[in-house]
Every structure is written in structure tokens, then in C-alpha cells.
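Residue numbers (my numbering), protein chains in the order written: chain A, 1 to 262; chain B, 1001 to 1630; chain C, 2001 to 2099. We put the CB at the ideal spot given by N, CA and C, even for glycine. Step one of this worksheet: look at the structure below.
Written as C-alpha cells, this is what we have:
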């Protein structure tokens, strides 16, 4: 195999080096993407695979696509993914135990067969074929070559795809649009409700995080006058995620006592 | 001479029928008058055309009128056109004349019926269809009328269809007629296939060039059609049951006109039968069998209408026999047809009059001695009786005698057999008609006390009287100077016809016939005048009598040969349909349902399991490609 | 090195993506796996373009990217909508197909 590839000498050595380093990494990242629990981690790993692919594009004389890959996929699409993850709960980590009986084995067996056969077919199809290379096609520059094709032979699909893109944007807006069923509570009404609840403590509002504490980060609770941490000063999301720090270690009196001791 | 009046003959009654049927109950008050008027107008047109025709020289008497181009497909051209010639005008006058008389009779006879208007509508429809039948200039036009009279006959037999037996009788008549109609349509198809035309003139011109086999086939099919419509053996069974219809219907349709359509068909097709001896022989055989069959059946009937129906069958047998005897016989067949139209219609109307006076009783054993109560009916019926048995100088004598004579002269054993049958039939006719007369009008009264026999109103007896005059005089008029024979010659004579040597001189034949009639009358007198008549039919009778009472087992035969095997076949087919065909269809459904309910278990509703299936499918496809490109 | 190696890599990544679609329950991760499959296909196109010596493969890859972008936009909108009504992004919870 190696001899055969060497004999054909289709690609330059540096590219081979690039490939043999990056390809295993991409595969490893892809597999890891399936096995990590948190969706955010999956997203990061996918972004890595995409960047790898962008590098491969550039290595294969498809500079324009490589750049577009970075901009569109790693930039826009992955950003969109992360954004949605934030919306639906970045904390949602999923259990990897399979709930549908036998599904995992079916999937792995079928995919092994599928992948094996596909690779075998590809090998059969490309065996003995010489790589033409893009030197001729890119003689005026890759972008120019693509532009020439897009605006001549492919102008109709190009227009259709643009229509599709606009339709998709509209569709996404329609789908994500949330019709408000009750009137939004204004700040004024909230304030009035606080005062009318009867408790003076409620009227004062909730304390911000980090007040009187050693740190004023969002995950550090404020300290009450008696030096104990105020649990209401931390966002409920952070609490639910378990990201609230133990406020005891930031209690002032500990440090104050130590200073007095000194 | 104008020919564009011909269509009026048909159009008037047809229009009247449409008016009566479409107007509905609003026409109840005047419907019968319109119907009668339509029929009478048609008769008037017919008489006018007849006088016009008389004024023309013989060669120019036949007229045709094209109404519209009916079928025009490639080489197949049929015009809806009418042919009025010497033969059709006889029928036109008979149909409209007798028809008008019966319309008048029905005004009174049906006066208590709530549906009198509908009855007249059907009668007019019948008149129109029958006229179309005799006026059509091609077999296809004739066929339309042929089916039209079948329809009218069906509607009128089943006029009182609230009684299931009457409705069944109508269906029976219709179904048996369909068998005959099949013959007619086949004859038309054969004629068109071999000669390329369906018109009388075209086939007449083509007949000499056609093969004898073709002509025989057409002839046999036409005979089948005639047998169906004219109640001839072997399709005779429906006529007796057709008496379920109102009596005027029996008089008009099932005695005078429609049932004689078969005779018309054979006479009209003379050019075919003259060239197809085999078919012609079959015609005389059918005629001879039927004339004896009808006469024998008539001897045992106690129902006055059914006795008359059997008589009709027998008399039409005579006509068919005459028509089958070739060029010499056609005119005599038509003559007997016309005289029969008078006397049999008159007798049916007489029977209706008797029923009218006897609370619709039809059993002759419950009549007797009606002579005193219904003198006019007695006289008119009696004149018809004398005519049918063939006593000179009444009409039947002339016409029947001629047929017997022609049959005897047919030559050889054929002549002797046919002539013998006709003579024997004459004796039987005399016997059963005398029986009807004796049982109905003479002897002791045998009716129940609640019956109050009385003479019918003038609207009923006047038509009877007119028809009686016809029964007396028509025979003499037709034969005087061979009037009818010469009149019909242009239509039925087909050039040379070999005259057989006369077997017996005419006077001897007449004497023989009269002797047979006397024998028949004597037996009847011996059996029913000298001996008392029971008012219920005796049970201890010979096996032969029993068989005759059952119409010589005609229904049993039909049932055994056609109905039961047919039912068995139908049952088998139904079973096959249900078990095999439906089974296959339902089996497919069951397989689909069964496999569906099994496959449903794989539908978990989880998207991931579906995607796993897609993955498996993709793997299989790749495997397929891998194997194929090996 | 033979450029067919890119094709083998593409096949591997595609298969991994397919497995991910089947075995992961989080709809967002499933979507990422779909994106991975699309990307693998794109890599094939680019490689074929190079093997054949013309730019048509790159054009197809370009269009694929646009379509993928559309798909992501609509798909994620759907996920958000489902999440709003079901408070879950698990594809197993959206099992109304069964009934």
C-alpha cells in the first residue's frame, strides 16, 4: 500500500505528514464527541473536527472552501449550536446508558458493516486512478474559478439556494417566535407588588452577589450583617448547576478574626 | 302520393303515450280520451294512406320515408326510415283498427281502475312500437319496434303487479321473449356480416348471391325470434301466464297483434326462407307442433282466458305453418292472421265482458247458462266461435281451409303429415271451442249466489259487435277474387314457384275439414251437454288428462332442462365467487392486516430506532453495491 | 500519500456521525452528528474535485454548506420549540409517532 502510494507519488510529502497527524486526531475527536456526557464538550470537539477539515480543504487546493468552512461552520453554525445550548440549558448532561434494548449493538454492528463496505468500495473505485490535481483549474485562482462556475453553469442552483436560505431564515423566525399569552409584568408593577406584600424585607429587593464578601464574582454569595452568606443573592441557575461556591470560606469574620488574632 | 304521413302513424300514439306518462295524475280525467283519440287518429291516417295506395298502380304502391340517418359508421349505414307497402298496410289497419276498438272497450272495462291513465299510456306505447315493428324498412328498425312491443307487453302483463304472481308472469314473458330476441339480433348480425346490410331491400337483393348455409342460419335465427314473440314451440310457455294482464291487453297484444309479429317476420323474410329449404322445413315443423300443442292444451283448460290463449297459440301455429309453406302460403298465413285478429280479439273481449259481469271469475266451470243474461256477448262470442272453428261462410273457414289445402298440397309424405296435423288440429279446435261455448253460455247455471251476471255497457259491446262483423265478413272479402293474394303478391311472390299437383280437389278438402269440425263438436256435445258438468274439475281423471292440464308439462320441462341446471350453475358460480375470488381478495386483506399488526410491533415511536433502521438499510444497500460491482 | 486517504477519512467520519445520530439522545448532539456527516460528505466532494481535476466538486460542497446552514437554522428552531413545550431536548421524549 505504502509502496503503491509512493510509486504514484500523487501528493507532496508535507501534505502526507499533515494528513497522518491531523486525520487520527479528527477521528479521535469525532469518536470522543459521541462518548462525552456534556453537549458543550461535544460542540467543542465538533468544532475541532471542522477546523481539521478546513485545513484539509486548503491542503487540497480548495482555499476558498477552507476559509468558508471556518467562517460558516466553525464561526456561524457552531456559534448557533452553543447559543441554543445556552437557551435550552447548558447544564443538561445526558446519561449515556442506552434505554432502547439492543439499539446500541444494532447501531454499532450496522455502522461497522456500513463503514467497512464503504471503505472497501472506495478503495475499489479509486485503485489505479491517477489524481488529476487542480493546477489547471485553479490557474486563475481558486476563487475566480469557482466564481466563474457559480455564475455560469450553476447560476440557477445558486439562485434556488439563495431562495432556500431566505425561506429557512423566515421559517426559523416563525418557529422560534413565541406569542405572549399574558401581559408582561412591568418594573413598576413588580415594585408595587413588593411593597404591598407587607414584608419590609421584601420591599428592599434581593441582595446582589458578592456584597461584603471577599470576592464580588457572580458565584459568590453576599454576606449578611452577621457574616453568614445570603443564599438569595445567587442566581437560581448557578445553584441548580451546582456552580455556587461554598461561601463559608469567604466569610469576612474568619479573616477579621485572624487579623485581630494577629 | 305523399309518403311523409307515414311517420305520423307512429308519432301520434308515441306522443300521446309520452304526454300521458309525463303529465301524471293531472291527466287522470282525460287520459283515456286522449289515448283513444290518438289511436283513432292513427287509424284515420292509416285509412287515408290505404285509400291513396289503392289509387296507385301496383308497382308504385310501396312507399318509404326516411326520418333521419341513424347509424353512419364506415360501411355500416342504417337510416331510420319507414316502409309502407302492401304487407305493412294490412298490419297498420289491423293494429290501429282493432287497437282503437280495444281502446274504446277499455274506457269502460278499466273505468274502476285507479291507474286507467297509465294503462292507456302503455296501450299507446304498444301501438307505436307495433307500428314501428311493421313499418321499419330494415331489420334494425324492426328490432327497435320488436323490443318496444316486448316492453309494452311486459308492462301490460304486469299492470296489476301488486299481485306477485302477475309480476312473475310478466317477468316470465319478458325472459322467454329475450331468448327469441337473441335470435333476431343474431340474425341481424349474420346478415350484416355476410351481406353488409340490414335493410329488407338490401338483403333481398343480396340473398341470391349468399350461400345456402348463411341463409339457413339467418332463417333459423329468425324462426327462433318468431317462436319467442309468437309463443311457438319451444318458447310457448309464457303465453298462458300472460293472461295475467287485463283482458283488453290479452285481446290486443296476446291475440290480435303482437303475438302475430313472428308471422309477419317470417312473411317479411320470405326471400330468405324461400332460398333456405331447411329453415323453411323447420318453420312448418314448428308450426305443426304448436298448432297441435296449443289445441291439446286448450282442451283441458277451465280458465276461459287460458283456453283462449291456448287457442291463440294453436291458431298462430296455423299461420306459421302457412308461412312456412313458401310463396303460396304467405298470403294465406296473413289472411288467417287478419281474420284471427278479428275473431280472437272479439272472443277475448267477450270473455272480458263475461268476467266483467261475473265479478272477474274466469273458471268456466262456474259459468253456465249465461246466454240469457248476456245476449249480446253470447251472439258476438258465438260468431267468433263459428269463425274460429271454420264453419262457412265465416272468416275462419276461408283462411284455415286455405292453409289446410296448401299443407296437403305440399307434396309427398310432408304434405300428408302436415295436412293431417292441420285437419286433426281443426277437429281439436272445434272440440275445445265448443267446450268453451257450452260451459260458458249453455246448460245449468253453476255460479255462486253472490254473482249477478249482467250485460256490459255499450262502450264494451259495441267494439265486440264490430269485431263480430269482421269475423263474419272478412274471410269472404279477402278471398273474393283472391283479393288479398293479389294484393300481397308484390311483396311475397318471389318469381317462379313450382305448384305441386293437387293431392285432393279443394272441395274435398273443405268437406274433410268440415267433417273434422263436426266430429269435434259432436264429442264436445257428448261430453258436456249430455252429461252434467261439475263446478270443480274432477280429480279422478286419466294420467293423460293430468298431463294436459299441466300444459303438457311445458313448465316442468323448462324447469328441468333450463331452470334447475341454471340455478345449479349460478349457485356454483356464487360459491366460486365467494370462496375463491372473494377468498383471494379477503385473503390479501387478511395478509395485509396480519402482517400489519405484526410489523406494528416494530414501530416504537422512537426516532432513534427509525434512524437505526435507516442505518441498517443503508448498510444493506452498500452491501448490494459491493456485491454487484464485485 | 494517495488522495484516496481523504476518502477513507471521510467514510470513517460519516459512519461515526451516523452512529452518533442513532445512539445519542440529546437532540442538539444528534444535530451535531448530522453536521459531522455533512462535513464528511463535503470532504469527499473536495477530494473528488481534486482527483477529477475540475472545480465542480467544490461547487457542490459549497452548496452543501449553504443547505446545511439552512438545515441548522430550521432544525435548531424546531428544537427550541420542542424544548419550550416539553422542557426537554431528548429525542426519546418526542415519541408521539407511536400513537
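Alpha-carbon spacing of residue 1266 (chain B) relative to residue 1439 (chain B), whole angstroms = In a straight line, the C-alpha of residue 1266 (chain B) is about 36 angstroms away from that of residue 1439 (chain B).
Whole-number beta carbon distance between residue 1235 (chain B) and residue 1227 (chain B), since they are thought to touch under 8 angstroms = Between residue 1235 (chain B) and residue 1227 (chain B) the Cβ distance is about 5 angstroms, and since that is below 8 angstroms, they are a contact.
Which of the three DSSP states, helix, strand or coil, is assigned to residue 1146 (chain B)?
-> Three-state result, residue 1146 (chain B): helix.
Which partner residues does residue 1226 (chain B) have in the DSSP bridge list?
-> Residue 1226 (chain B) is not bridged by DSSP to any residue.
Between residue 1206 (chain B) and residue 1189 (chain B), is the Cβ-Cβ spacing less than 8 angstroms?
-> Note that the C-beta distance between residue 1206 (chain B) and residue 1189 (chain B) is not below 8 angstroms.
Ends of the alpha helix (DSSP H) at residue 214 (chain A)?
-> In the DSSP annotation of this structure, residue 214 (chain A) is not part of any alpha helix (DSSP H), being labelled neither H nor E.
Anything in chain C within Cβ reach of residue 1622 (chain B), meaning under 7 angstroms, just list it in chain order.
-> Within 7 angstroms Cβ-Cβ: nothing; residue 1622 (chain B) doesn't reach chain C, min ~10 angstroms.
May I have the straight-line CA-CA distance separating residue 1339 (chain B) from residue 1525 (chain B), to the nearest angstrom?
-> Answer to the nearest angstrom: the Cα atoms are 26 angstroms apart.
What first and last residue would you give for the beta strand (DSSP E) that runs through residue 1080 (chain B)?
-> From DSSP, the beta strand (DSSP E) with residue 1080 (chain B) extends over 1076–1084.
Residue 1393 (chain B): which of B:1366, B:1479 and B:1133 sits nearest, CA to CA?
-> Nearest C-alpha to residue 1393 (chain B): B:1479.
Under 8 angstroms between C-beta atoms, does residue 1607 (chain B) make it to chain A?
-> In terms of beta-carbon proximity, residue 1607 (chain B) stays away from the interface with chain A, with every pair separated by 8 angstroms or more.
Kindly indicate which residue of B:1061, B:1426 and B:1247 has the alpha-carbon position closest to the one of residue 1160 (chain B).
-> Among B:1061, B:1426 and B:1247, the Cα nearest to that of residue 1160 (chain B) belongs to B:1247.
Pair within 8 angstroms by beta-carbon distance, residue 1484 (chain B) and residue 1335 (chain B) = Inclusion of residue 1484 (chain B) and residue 1335 (chain B) in the CB contact set at 8 angstroms is warranted, their separation being smaller than that value.
If contact means a Cβ-Cβ distance below 8 angstroms, which residues of the stretch 30–62 of chain A contact chain C?
-> Those residues of the stretch 30–62 of chain A that come within reach of chain C (Cβ to Cβ, closer than 8 angstroms) are 30, 31, 33, 34, 39, 42, 43, 46, 49, 50, 53, 56, 57, 60, 61 and 62.
Exposed or buried, which one is residue 1447 (chain B) when buried takes at least 16 other CB atoms within 10 Å?
-> Per the 10 Å Cβ criterion, buried.
Using a cut-off of 7 angstroms between C-beta atoms, extract the partners of residue 1615 (chain B) located in chain C.
-> Neighbours of residue 1615 (chain B) in chain C, taken as residues whose beta carbon is under 7 angstroms from its own, are 2018 and 2022 in chain order.
Span of the alpha helix (DSSP H), counted from its first residue to its last, around residue 2090 (chain C) = Where residue 2090 (chain C) is concerned, there is no enclosing alpha helix (DSSP H), given that its DSSP letter is neither H nor E.
Report the rounded CA-to-CA distance for residue 85 (chain A) versus residue 2078 (chain C), giving the unit in angstroms.
-> So the alpha carbons of these two residues sit roughly 13 angstroms apart.
Alpha-carbon spacing of residue 1377 (chain B) relative to residue 1283 (chain B), whole angstroms = Taking the Cα positions, residue 1377 (chain B) is about 36 angstroms away from residue 1283 (chain B).
Tell me where the alpha helix (DSSP H) around residue 1636 (chain B) begins and ends.
-> Because chain B in this structure spans residues 1001 to 1630, residue 1636 (chain B) falls outside the shown range and cannot be described.
Could you check what DSSP says for residue 1447 (chain B) in three-state terms: helix, strand or coil?
-> It is coil, neither helix nor strand.
So is residue 1533 (chain B) buried or exposed if we call it buried at 16+ other beta carbons inside 10 Å?
-> By the Cβ-count criterion, residue 1533 (chain B) is buried, with 16 or more other Cβ atoms from all chains shown falling within 10 Å of its own Cβ.
With DSSP collapsed to three states, give me the class of residue 64 (chain A).
-> Assignment of residue 64 (chain A) by DSSP, reduced to helix, strand and coil, places it in the helix class.
Going by Cα to Cα distance, which pick from B:1434, B:1348, B:1415 and B:1346 is closest to residue 1389 (chain B)?
-> Of B:1434, B:1348, B:1415 and B:1346, the residue nearest in Cα terms is B:1434.
Is it a yes or a no for the stretch 1146–1158 of chain B touching the stretch 1268–1279 of chain B, going by three-plus beta-carbon pairs under 8 angstroms?
-> Here the stretch 1146–1158 of chain B does not lie against the stretch 1268–1279 of chain B, with fewer than 3 beta-carbon pairs under 8 angstroms apart.
Within-8 angstroms CB hit, residue 2074 (chain C) to chain B = No, because no Cβ of chain B sits closer than 8 angstroms to the Cβ of residue 2074 (chain C).
Nearest-angstrom Cα distance between residue 1481 (chain B) and residue 1201 (chain B)?
-> Residue 1481 (chain B) and residue 1201 (chain B) have their alpha carbons spaced roughly 29 angstroms apart.
Go through the stretch 1185–1239 of chain B residue by residue and report every complete run of the alpha helix (DSSP H) that reaches 4 residues or more, in order.
-> List check, alpha helix (DSSP H) in window: 1200–1206 and 1212–1229.
For residue 121 (chain A), decide whether its Cβ has a neighbour in chain B, counting only Cβ atoms nearer than 8 angstroms.
-> So yes, residue 121 (chain A) belongs to the interface.
Neighbour flag for residue 2094 (chain C) against chain B, beta carbons, 8 angstroms = Residue 2094 (chain C) counts as touching chain B.
CB contact below 8 angstroms: residue 127 (chain A) versus chain B | For residue 127 (chain A), the answer is no, since every Cβ of chain B falls outside 8 angstroms of its Cβ.
Please decide whether residue 2086 (chain C) counts as near chain A, where near means a Cβ-Cβ distance under 8 angstroms.
-> No - not a single Cβ of chain A is within 8 angstroms of the one on residue 2086 (chain C).
Work out the CA separation of residue 22 (chain A) and residue 126 (chain A) for me, nearest whole Å.
-> So the alpha carbons of these two residues sit roughly 22 angstroms apart.
Which residues of chain C have a Cβ atom closer than 8 angstroms to the Cβ of residue 139 (chain A), listed in chain order?
-> The contacting residues do not exist; residue 139 (chain A) stays about 11 angstroms from chain C at best.
If you count every other CB in all the chains shown that lies within 10 Å of the CB of residue 1032 (chain B), and 16 or more means buried, which is it?
-> The residue in question, residue 1032 (chain B), is buried, as its Cβ has 16 or more Cβ neighbours within 10 Å.
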